Amino acid sequence: MDSDGTHDTRGTHTTPVPHPAGPPEAYGVPAMPSMPPGAPPRPDGSAFLTWLRTPRPDAAPGVWRFGYRPRPEQEPERIPSRQLLSGAVIAFLVGWLVWSLLWNNYLGGWWVLPLELFTPDSWRQGNDRVGNAILWYSYYTVIALAILLVVGRLGRWGEVWRRFGPPAWSPAAPEAAQPSTPDHDPAAWPPLRQAGAYEAAERLAGEARAGLMRDVDHARISRAWQGVRSGGHALAAFTGAVLKDGAAACPHPSGERDLPARHARHDLLTGQVRLGTTADDPRNPYHYRGAGLALGPDLLGTSLLAVGPAGSGKTGAVVRPLAESLCLHALAGRAAVVVAGAAGAGLGPAEAYDVVVRVGHPDSVHDLDLYGGTTDPDEAAAILAEALVGDLADPHPGSDTRRSTTVLAQLLGPFRAVHDRFPSVPELRQLLDGAPGPLAALRKALTDAGHSSLLRELDARERQMAHPGDVGTVLADRIALLDRPAFAAFFDTSGQSRPFSLRALDHPVRVRIDLPQRGHADASRILARLVLAQFTAAVTVREDRSLFACLLLDDATGVVTPEAVRGIQRLRSVNAGTVLTLRTLDDAPRPLRGPLLGATGCRMALSGLTPWDGQDFAEVWGKEWTETRDVTDRQIIAETPAGKAVHMLRRVITGQAPTARAVTVRQVERERWSASELAHGVPAGHAVLSLTTVRGEHAPPLLVDLRG
1 MDSDGTHDTR GTHTTPVPHP AGPPEAYGVP AMPSMPPGAP PRPDGSAFLT WLRTPRPDAA
61 PGVWRFGYRP RPEQEPERIP SRQLLSGAVI AFLVGWLVWS LLWNNYLGGW WVLPLELFTP
121 DSWRQGNDRV GNAILWYSYY TVIALAILLV VGRLGRWGEV WRRFGPPAWS PAAPEAAQPS
181 TPDHDPAAWP PLRQAGAYEA AERLAGEARA GLMRDVDHAR ISRAWQGVRS GGHALAAFTG
241 AVLKDGAAAC PHPSGERDLP ARHARHDLLT GQVRLGTTAD DPRNPYHYRG AGLALGPDLL
301 GTSLLAVGPA GSGKTGAVVR PLAESLCLHA LAGRAAVVVA GAAGAGLGPA EAYDVVVRVG
361 HPDSVHDLDL YGGTTDPDEA AAILAEALVG DLADPHPGSD TRRSTTVLAQ LLGPFRAVHD
421 RFPSVPELRQ LLDGAPGPLA ALRKALTDAG HSSLLRELDA RERQMAHPGD VGTVLADRIA
481 LLDRPAFAAF FDTSGQSRPF SLRALDHPVR VRIDLPQRGH ADASRILARL VLAQFTAAVT
541 VREDRSLFAC LLLDDATGVV TPEAVRGIQR LRSVNAGTVL TLRTLDDAPR PLRGPLLGAT
601 GCRMALSGLT PWDGQDFAEV WGKEWTETRD VTDRQIIAET PAGKAVHMLR RVITGQAPTA
661 RAVTVRQVER ERWSASELAH GVPAGHAVLS LTTVRGEHAP PLLVDLRG
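The numbers in full-length UniProt numbering rise by one with no breaks, and the one at position 528 of the sequence shown is 528.
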């Protein structure tokens, strides 16, 4: 058994995902995965076993579950440090005073009454001095301990210890669970044992103890076992693969078992990647404060929108860790990921991806399929129209995507019927411009082949070209942005290149697309819309929806269109999601800002946001009921001469008139985060993030330190 069922070719894309030329051993053994703090890699596998056995309790959405210790939902009453310490000292002095009074017999002999009632007289009045001493000093010890217990509770000594003692000096490290039996030890693979695959379980357990297993191996084999349990594969085939290859069984098509390097903390057992730490801030719910903040497919399945100015950390603190996490999931056979951004944006090394498309770069190995791998002219026309004029639908009534789709379909259908392929960029530009030669040649070929219905399509296109305001002119101007010398070797449809199609997303493929933003900003936006349109179209027709598919689009300026928003809304139901970043919401049309924020379940506002952007976030996050306290100080008026003298003395000592404080508590409805707070109250390196899982669980807006 060489795969878990997600790697087998189904013929749903034009070009298969490239496989390594040599055996997996030729790529070397990757480094060990990231381990818990303070647990360096060990050759005996103890670090991996510690990671595997560390508890991961259920937690609220977004909480880093690795070694997490749950906190109460409500914050306990916190006494000010000065009051706590003074109370502890006073309680100690009171206890010392009581003990002194008892020891010196200033309170009489009543305190020895319990001893007289419960012990015989011979014990207290006998001639055995040693026994009497033991009896009386034991009784003194009990009395002293009782006094200490009472004054300790009154003085809250336990709280003083927790706040200022050794427990507060250093953060607690996660404790690994100690399994009692193989049936409860995750390193012994209990599901395999329960299913009767004892030999496979023993082989995997031995690999783990010997330090030959990584977290990616564990996740990949667990994924393959899910295929066995669901009936997709035979138990005998799975067992044979494990006994043959051990931890390297069921490999990814690339043969790789880890990434070249990791820059974030990952936990493949829960599928999370840690982005930062939830700030210990009163605006955050108490059970979130101080906890790690992590994202996984359960949250990315509702899509994420991150907005912040340049330098706020969108790429380095959000997109890069998420891309790295999804690449690890792809190696485990759980996900397919496409990362698109400007060349040199720092989206990960090329070695971390199976396919790298460098549009406009002469050394690019792979090309980008302009038509998304489809053979249907209508579908290809819809995708291409969205890429070319999707952003012009509102300001230009004559260039809406529906009319553009019709125009492109009138040309793509006849051309494919004649040439058995779609036109290249120069050919499509000539057809849209209405060049007489190409149109006449296409008409003659259709006539010779007897395609009368397609001739009518071509006739309609020629009639529309004669009318003013024809949308073909706009399409020709837009496609001309891709008909440049820098892109001459790209978007080839003759079969001479290696075009990559997003139809390959039913495989655990890792793809990076470098957009030519420098010098070709308009073309880059067209290609970004093309990638998003192809992604939303491809994931909805996948055969294997158990793979989580995600598109990470760094800098989605000009990408937000009505059709794109509708496509994002449909992704949750097909186990897919997107991650979009914007410098400002002004990069999206005003009518689409609300729908965009509503279509994404996870919304992030980074530091440096403008008040106008903050207002949009404040509206989508809504309001909540909160308790407010109004404090009023009223001056006390003395009526007696003695009272006036005391007030005068107090004024001389404190410099303030005696007052009486009145506190009014009421419930008011306020914005969770106001526009002003988002614009001016988010520290550098922080962000405010709200979360929604695919199951509908919500997390309120949280202030997160992305540097943690």
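By construction, the Cβ of each residue, glycine as well, lies at the ideal position given by its N, Cα and C atoms. Predicted model only: the values in this text are computed from it and were never measured.
Report the rounded CA-to-CA distance for P23 versus L551, giving the unit in angstroms. The predicted position of P23 is uncertain, since its pLDDT is 30 and thus under 50; no value can be drawn from it.
Given this structure, state the Cα-to-Cα distance separating V94 from A144, to the nearest angstrom. Rounded to the nearest whole angstrom, the CA to CA distance from V94 to A144 is 13 Å.
Over what stretch of residues does the alpha helix (DSSP H) that includes S254 continue unbroken? Looking at the DSSP string, S254 is not in any alpha helix (DSSP H), and its letter there is neither H nor E.
DSSP three-state assignment for G685, whether helix, strand or coil: For G685, the three-state secondary structure derived from DSSP is coil.
DSSP-derived helix/strand/coil call for residue 710: Nothing in the structure corresponds to residue 710, since the chain is present only between 1 and 708.
D367 burial status per 10 Å Cβ neighbour count (16 or more: buried): Flag for D367 reads buried.
In three-state DSSP terms, what is D298? Correct three-state label for D298: helix.
Inter-stretch contact at 8 Å, needing at least 3 Cβ pairs: the region 586-596 / the region 288-297: Flag = no, the region 586-596 and the region 288-297 do not touch.
Test item: CB-CB of V407 and R484 under 9 Å: Not a contact, by the Cβ cut-off of 9 Å.
DSSP has M604 in a bridge; who is on the other side? A306 and L689.
Using the C-alpha atoms, what's the distance from I147 back to A88? Cα-Cα distance, rounded: 14 Å.
Kindly give me the distance between the Cβ atoms of V631 and R670, rounded to whole angstroms, as I take these residues to be in contact under 8 Å. Incorrect: roughly 18 Å between the Cβ atoms, too far for contact.
Same chain, Cβ closer than 8 Å to Q615, neighbours up to 5 away in sequence not counted: When the five nearest sequence neighbours on each side are left out, the beta carbons in the same chain lying within less than 8 Å of the beta carbon of Q615 are those of A675, in order along the chain.
Assuming contact is defined by CB atoms lying nearer than 9 Å, are L412 and A381 in contact in what I supplied? Contact flag set, yes.
Whole alpha helix (DSSP H) elements within the region 576-638, 4-residue minimum: Runs of the alpha helix (DSSP H) lying entirely within the region 576-638, each at least 4 residues long, are 590-599 and 611-621 in chain order.
Residues bridged to E669 [DSSP beta-bridge criterion]: For E669, which the question treats as bridged, DSSP gives the partners W625.
Hey, how far is the Cα of Q534 from the Cα of G165? In this model, Q534 and G165 are separated by some 59 Å (Cα to Cα).
By the three-class DSSP mapping on this structure, what secondary structure does L706 have? Under the three-state reduction of DSSP, L706 is assigned to coil, being neither helix nor strand.
Specify whether the region 348-365 and the region 505-513 touch according to this definition: at least 3 beta carbon pairs, one from each stretch, less than 8 Å apart. With a cut-off of 8 Å, the region 505-513 and the region 348-365 count as touching, because enough Cβ pairs lie within range.
For D459, count the other beta carbons within 10 Å of its own beta carbon; 16 or more makes it buried, fewer makes it exposed. Which is it? Answer is exposed; the Cβ neighbour count stays below 16.
Can you check which of these residues, R463, A417, V471 and A466, is closest to G450 by C-alpha distance? Scanning R463, A417, V471 and A466 for the CA closest to the CA of G450 turns up A417.
Count the other CB atoms within 10 Å of the CB of Q83; is the residue buried (16 or more) or exposed (fewer)? So Q83 ends up on the exposed side.
Span separating the alpha-carbon of M465 from that of Q410: If you take the alpha carbons of M465 and Q410, they lie about 12 Å apart.
Distance, Cα to Cα, A187 vs V242? Whole-angstrom Cα-Cα distance: 15 Å.
Check this for me: beta carbons of V474 and R525, under 9 Å apart or not? It is not a contact, given that the beta carbons lie outside the stated cut-off.
Can you tell me where the alpha helix (DSSP H) with G95 in it begins and where it stops? It spans S81 to W103 - the alpha helix (DSSP H) in which G95 sits, taken as one unbroken run.
Just the C-alpha distance for T302 and G62, rounded to the nearest angstrom, thanks. Distance from the CA atom of T302 to the CA atom of G62, rounded to whole angstroms, is 13 Å.
For P700 and A523, I'd like the C-alpha separation in whole angstroms. If you take the alpha carbons of P700 and A523, they lie about 38 Å apart.
Relative to the alpha-carbon of L428, which residue among R153, L388 and D448 has its alpha-carbon at the smallest distance? For L428, the nearest C-alpha among the options comes from L388.
Could you work out which residue in L689, R651 and T626 is closest to A618 when comparing CA atoms only? Per the Cα distances, L689.
For Q436, three-class secondary structure by DSSP: Note that residue 436 is Pro in the sequence shown here, rather than Gln. Three-state DSSP puts P436 in a helix.
Could you tell me the distance, in whole angstroms, from the CA atom of L706 to the CA atom of P72? About 24 Å.
Using a Cβ-Cβ distance cut-off of 9 Å, determine whether I479 contacts chain D. Judged by its chain identifiers, the structure shown contains no chain D, having just a single protein chain.
Can you look up H329 in the DSSP assignment and give me helix, strand or coil? Helix.
Shortest alpha-carbon distance to L85 belongs to which of G158, R498 and T640? Nearest of G158, R498 and T640 to L85, Cα basis: G158.
Would you kindly work out how many angstroms separate the C-alpha atoms of L102 and H698, rounded to a whole number? A direct Cα-to-Cα measurement between L102 and H698 gives close to 59 Å.
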